[in-house]
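Notes for the one structure printed next.
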Amino acid sequence: MVVRTLIPSHFKAPWGFAKKGAKGLRKIGPLHHESWKWPGQNREFPELSPKWQKNNRMELRRYTGVQPTGYDDPNTGKFVHLPEMIPELIVPDLTGFPLRPYVSYRTDIEIEKRIANTDKILAKNPKNPPIDKIWPPPAVDAKVLFDCFYADEIKKKYLETTAEKKKKSGFFASLIKKN
1 MVVRTLIPSH FKAPWGFAKK GAKGLRKIGP LHHESWKWPG QNREFPELSP KWQKNNRMEL
61 RRYTGVQPTG YDDPNTGKFV HLPEMIPELI VPDLTGFPLR PYVSYRTDIE IEKRIANTDK
121 ILAKNPKNPP IDKIWPPPAV DAKVLFDCFY ADEIKKKYLE TTAEKKKKSG FFASLIKKN
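Residue numbers (the UniProt record's numbering): 1 to 179.
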C-alpha cells in the first residue's frame, strides 16, 4: 500500500481508543498500574515475590526467603558453597540430667503436688470427683463446663426444693391422718 498522505486512519493503534461516552481517564494506550504487580488476589502478601513478578533478575534466581549457604562468585558467575555458612543447632547432651530441658524445677514440684492431690481425691470419691481439682484436667466439652459452673448450684436448689416438698407433704399427711 502506498501512502501519499499521512491520515490517522492509515495508522491503526494496537489498542482501543477511549470512546466519547467512556467514563474515567480518556488516555490512549494500555493501562498499567503498579499495584497489579503485588501478589495475591487482594494484595494480601506483605512482601513482593520476584517469582510472582517474573522479573527473573540474576541476584534473585534462587530466591527462597532463606539465608544462602554461600555466595555468587563474580569472576565465574557460579554459586560457591561454603560449609561455614550452613546453620547449625548446638544442643547439649542431657542424658542422665535430672531436669527436663526448658521446664523449670518449680513447675515439676507444682505438678507433682497436683497429681498427689488428685490421687487423694480419687481415693475418697472415685466415681464422681470434682472436675476442677483433677490433674491433668479432662478435655473441655459442654458437660465439663456445665459441671464446673452450674451443676453445684442446680443440685443445691434441687435438694432445697425436695426438702421443702417433704416438709409440706409430711404436714398434709399428718392433717389427713387426724381427720
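Backbone N, C-alpha and C fix where the C-beta goes; we use that ideal spot for every residue, glycine too.
Could you give the first and the last residue of the continuous alpha helix (DSSP H) run that contains residue i?
i    : result
F149 : 142–149
Closest to residue i by CA distance: which of the options is it?
i    : options               : result
D147 : P92, N117, I131, P138 : I131
Y71  : G65, T64, F79         : F79
P68  : T76, G77, H81         : H81
P137 : K155, K166, R114      : R114
P98  : V91, D108, L89, I90   : D108
V144 : Y158, N128, P87       : N128
V66  : M58, T76, I86, N75    : I86
G77  : M58, K165, Y158, K157 : M58
Tell me the residue span of the beta strand (DSSP E) that contains residue i.
i   : result
D72 : 70–72
On the DSSP bridge assignment, give the partners of residue i in chain order.
i   : result
V80 : Y71
Does the CB of residue i have a neighbour CB from chain D at under 9 Å?
i    : result
L159 : In the structure shown, chain D cannot be found, because there is only a single protein chain.
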